[in-house]
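> Protein chains in written order, with this note's numbering: chain Y, 129 to 384; chain F, 975 to 1218.
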Ligand SMILES: Nc1ncnc2c1ncn2[C@@H]1O[C@H](COP(=O)(O)OP(=O)(O)O)[C@@H](O)[C@H]1O
Ligand SMILES: [Mg+2]
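1) Under 7 Å from any heavy atom of ligand 1, does the C-beta of residue 1134 of chain F make it?
2) For residue 1003 of chain F, name the three-state secondary structure that DSSP assigns.
3) Mapping DSSP to helix, strand and coil, what is residue 983 of chain F?
4) Can residue 989 of chain F be considered in contact with ligand 1, in the sense that its beta carbon sits closer than 7 Å to one or more heavy atoms?
5) Would residue 1218 of chain F pass as an interface residue toward chain Y - the criterion being a Cβ-Cβ separation below 8 Å?
6) Could you say if the region 1003 to 1022 of chain F and the region 1072 to 1083 of chain F meet the contact criterion of at least three C-beta pairs nearer than 8 Å?
7) Do residue 317 of chain Y and residue 331 of chain Y count as a contact pair if the criterion is CB distance below 8 Å?
8) Looking at residue 1015 of chain F and ligand 4, is the gap between the Cβ and the nearest heavy atom below 7 Å?
9) Which one of F/1184, F/1162, F/975 and F/1155 has the shortest CA to CA distance from residue 1170 of chain F?
10) To the nearest angstrom, how far is the alpha carbon of residue 1111 of chain F from that of residue 1032 of chain F?
11) Does the beta-carbon distance from residue 248 of chain Y to residue 194 of chain Y come in below 8 Å?
12) Can you check DSSP and say which residues form a bridge with residue 321 of chain Y?
13) Chain Y beta carbons: is any one of them nearer than 8 Å to that of residue 1095 of chain F?
14) So the candidates are Y/366, Y/224, Y/346 and Y/334; which of them puts its Cα closest to the Cα of residue 309 of chain Y?
15) Residue range of the alpha helix (DSSP H) that residue 187 of chain Y falls in?
16) Excluding the 5 residues flanking residue 134 of chain Y on each side, which residues of the same chain have their C-beta closer than 7 Å to its C-beta?
17) Going by C-alpha distance, which of Y/244, Y/253 and Y/235 is nearest residue 74 of chain Y?
18) Output needed for residue 1189 of chain F: all residues of its chain with C-beta closer than 7 Å, excluding positions within five of it in sequence on either side, in chain order.
19) Can you check the region 253 to 281 of chain Y for any alpha helix (DSSP H) of at least 4 residues that lies completely inside it and give the ranges in chain order?
20) Under 8 Å, Cβ to Cβ, is there at least one residue of chain Y near residue 983 of chain F?
21) Does any residue of chain F have a CB that is nearer than 8 Å to the CB of residue 174 of chain Y?
22) Would residue 1129 of chain F be called buried (16 or more neighbouring beta carbons within 10 Å of its own) or exposed?
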């Protein structure tokens, strides 16, 4: 029953919204009623879906790149404190610098003809840090008793990494992946806003375009697709997390 | 024979955990080490296991295969019982198929044959400790080191595991070194007992337990048992008085 509560709340809000806008005769370029948004969604569906596909591809590519890169760098960090001390400050610099501020620079570097490359790089930068920090934390969160056992049995470095450090890091890594996937989507959208021009064809650009033309219902339709995409991404990673952790991790207890 | 001669262990912070520890342990014996908490018992086991090296002195006669059991079962929570027991063989490069019969055997030794596919969190504390013992036994060690392995268990489980451990020891013939803070447990299990002083720890006294080879509940109420408990307790009190 409680699973349907959010849907019920949504239906009530939509109904109020519809009635409110119609009764007060709010102009549709300020706040269109849900029915108009639905119409706009249907009417522009092929175009919007194509834009969504572009944004999604960019998001997934950036997420994959930051996952692989972040994990690889974290593995490097736990091998050597020296490497960590030398490189971590730069990773932090990337993390704390707003991408909006570096976007113009990246666009110039990759060339204005390759906006998609700039978007990919920017989204990757945004999504990278949660993986790096969570993976480093996880790789270090090894039970000291187990570490002793691995030493007693003369485990090689690879055995330690594969059989001890990576499994120990898995819960933290997955939590990082969830944050990172969300950030990859946000990064892809924001990067398209700031880097995009007529070249860009993702959802962000459709939103800008709709705004310029005062096609507010279409703008809302694009927003709706974006939110749904974010939800779907989150659910996908939660599903993977559940599969990997349910049998052993405290966060997936039998009772809960 | 395992020999420790003039062992000193300083931690990097300058603290001396052990000082002038001399101890010989005969092959096939069951030696308990008792002493106040913080006196360096765990440190001593780590030195014998080769997980740390002494600051001074030497240790000789460690066999190639050593088993280790801690107070916590320290199982890999992400792996089932079978995979946990497989770990030492896997680290030695043995293929799973080759290891399978030995895993089955080790689990049978501790009475967990039916729990191969269970995950640690589904097991009771006593069963987890049995898995840890099976994991230590799977390499057929010549020396089994145990650091207060049953301290966290209730008394009934503990007595049961004591009996099972003795049976294993008689069957397998390994040398056992068993750290405990329970005088009663040490007397029940051991052929020899070493009493340690508070930090920096050294061996204050040694006792030979003149109990029967096969021990059971009757031994717990025998005169030999009670006399030895009294003597060891007395030494332990002496040990506490060393710094007091
Ligand atoms: N890694 C370490 N660094 C510094 N001091 C330690 C370390 N490990 C243990 N000690 C200290 O050494 C002493 C002996 O510890 P331990 O061998 O664990 O004693 P026990 O097992 O007898 O309780 C204790 O005072 C403890 O605080
Ligand atoms: Mg200890």
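Each residue gets a CB set at the ideal place from its N, CA and C atoms; glycine is no exception.
Reading from the atomic positions:
1) Numbered from 1 along the second chain, position 160 holds the residue referred to as residue 1134 of chain F. No, the Cβ of residue 1134 of chain F stays beyond 7 Å of every heavy atom of ligand 1.
2) Counting from one through the second chain, the residue named residue 1003 of chain F turns up at place 29. Of the three classes helix, strand and coil, the one that applies to residue 1003 of chain F here is coil, per DSSP.
3) Against the second chain, residue 983 of chain F aligns to sequence position 9. Looking at residue 983 of chain F - three-state DSSP - the assignment turns out to be strand.
4) By one-based count along the second chain, residue 989 of chain F stands at place 15. Indeed, a heavy atom of ligand 1 lies less than 7 Å from the Cβ.
5) By one-based count along the second chain, residue 1218 of chain F stands at place 244. The predicted model places residue 1218 of chain F with a pLDDT of 49, which falls under 50 and marks its position as unreliable, so this point remains unresolved.
6) no
7) As a position in the first chain, residue 331 of chain Y is number 203, starting the count at 1. As a position in the first chain, residue 317 of chain Y is number 189, starting the count at 1. It is a contact, given that the beta carbons lie within the stated cut-off.
8) In the structure shown, ligand 4 is absent; the only ligands present are ligand 1 and ligand 2.
9) On the second chain, position 196 is the one that residue 1170 of chain F refers to. Nearest of F/1184, F/1162, F/975 and F/1155 to residue 1170 of chain F, Cα basis: F/1155.
10) What you label residue 1111 of chain F is simply residue 137 of the second chain in a count that begins at 1. What you label residue 1032 of chain F is simply residue 58 of the second chain in a count that begins at 1. Their backbone Cα atoms lie some 27 Å apart in a straight line.
11) Along the first chain, read from residue 1 onward, the residue named residue 248 of chain Y stands at position 120. Along the first chain, read from residue 1 onward, the residue named residue 194 of chain Y stands at position 66. No, these two residues do not count as a Cβ contact at 8 Å.
12) Translated into positions along the first chain, residue 321 of chain Y becomes position 193. Paired residues: none, contrary to the question.
13) The count along the second chain starts at 1 and reaches residue 1095 of chain F at position 121. With 8 Å as the cut-off, residue 1095 of chain F counts as an interface residue toward chain Y.
14) The count along the first chain starts at 1 and reaches residue 309 of chain Y at position 181. It is Y/366 whose Cα lies nearest to the Cα of residue 309 of chain Y.
15) Your numbering for residue 187 of chain Y matches position 59 in the first chain. Run containing residue 187 of chain Y: 173 to 207, per the alpha helix (DSSP H) assignment.
16) One-based indexing of the first chain puts residue 134 of chain Y at position 6. Nothing listed; no residue qualifies.
17) Since the displayed chain Y opens at 129 and closes at 384, residue 74 of chain Y lies outside it and no answer follows.
18) Residue mapping note: residue 1189 of chain F aligns to position 215 of the second chain, counting from 1. Hits under 7 Å: 1140 and 1162.
19) 272 to 280
20) Your numbering for residue 983 of chain F matches position 9 in the second chain. No, residue 983 of chain F does not count as interfacial toward chain Y.
21) By 1-based counting over the first chain, the position of residue 174 of chain Y is 46. Chain F, which has no Cβ nearer than 8 Å to the Cβ of residue 174 of chain Y, makes this no.
22) Start at 1 with the first residue of the second chain, and residue 1129 of chain F comes out as number 155. Answer is exposed; the Cβ neighbour count stays below 16.
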